[in-house]
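To keep things clear, I will list the structure first and then write my remarks on it.
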Amino acid sequence: MREDESTRLFSVVAKRYVREAFPTKSVQTRRDNDKELAHLLHVFGHMPIEAIAPMHIPSAGAHAQPLSVEFKFTNQKL
1 MREDESTRLF
11 SVVAKRYVRE
21 AFPTKSVQTR
31 RDNDKELAHL
41 LHVFGHMPIE
51 AIAPMHIPSA
61 GAHAQPLSVE
71 FKFTNQKL
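Numbering (our numbering), first residue to last: 1 to 78.
Set out below in structure tokens:
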């Protein structure tokens, strides 16, 4: 697949994650991820993945753990 700017958008990477990673997740995890992705897509869908930084994710409070999002794909470079 030829990589251009559109393949680097969060929305494109998220769709790929759903297509490739969701089938490996439990039903409950898929439900949770679905809700989380809806919010993330609303805010970040149009942004290049490289432009998203931890500072863009508000914490849930003083005791919140840092948000860590990891997209894993088998033997493929994003």
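A virtual CB, placed ideally from N, CA and C, is assigned to each residue, including glycine.
Fill in: Straight-line Cα distance separating Leu41 from Ala60
The residue you call residue 60 lines up with position 60 of the sequence shown. The residue you call residue 41 lines up with position 41 of the sequence shown. Because the pLDDT of Ala60 is 46, which lies under 50, any placement of that residue in the model is unreliable, and the number read from its coordinates should be weighed accordingly. Taking the straight line from one Cα to the other gives about 19 Å.
Practice prompt. Using 10 angstroms around the beta-carbon of Phe10, count the other beta-carbons present and answer buried if the total reaches 16, otherwise exposed.
Written response: What you label residue 10 is simply residue 10 of the sequence shown in a count that begins at 1. Answer is buried; the Cβ neighbour count reaches 16.
Item to complete: On the DSSP bridge assignment, give the partners of Thr48 in chain order.
Response: Position 48 of the sequence shown holds residue 48. One point to set straight first is that residue 48 is Pro, not Thr, in the sequence displayed. Per DSSP, Leu9.
Fill in: CB contact flag (Val13, Ile49, <8 Å)
One-based indexing of the sequence shown puts residue 13 at position 13. One-based indexing of the sequence shown puts residue 49 at position 49. Yes, these two residues count as a Cβ contact at 8 Å.
Item to complete: Evaluate His63 with the Cβ neighbour count: other Cβ atoms within 10 Å of its Cβ, from every protein chain shown; 16 or more gives buried, anything less gives exposed.
Response: For this step, residue 63 is matched to residue 63 along the sequence shown. With a pLDDT of 47 at His63, under the threshold of 50, the modelled position of that residue is not reliable, and the figure given next carries that caveat. The residue in question, His63, is exposed, as its Cβ has fewer than 16 Cβ neighbours within 10 Å.
Worksheet entry | Phe22 burial status per 10 Å Cβ neighbour count (16 or more: buried) | On the sequence shown, position 22 is the one that residue 22 refers to. So Phe22 counts as exposed.
Worksheet item: Looking only at its own chain, which residues have a Cβ that is under 8 Å from the Cβ of His46, when we skip the five neighbours before and after it?
Response: Counting from 1 along the sequence shown, the entry for residue 46 is found at position 46. Excluding positions up to five away in sequence, the list reads Leu9, Phe10, Ser11.
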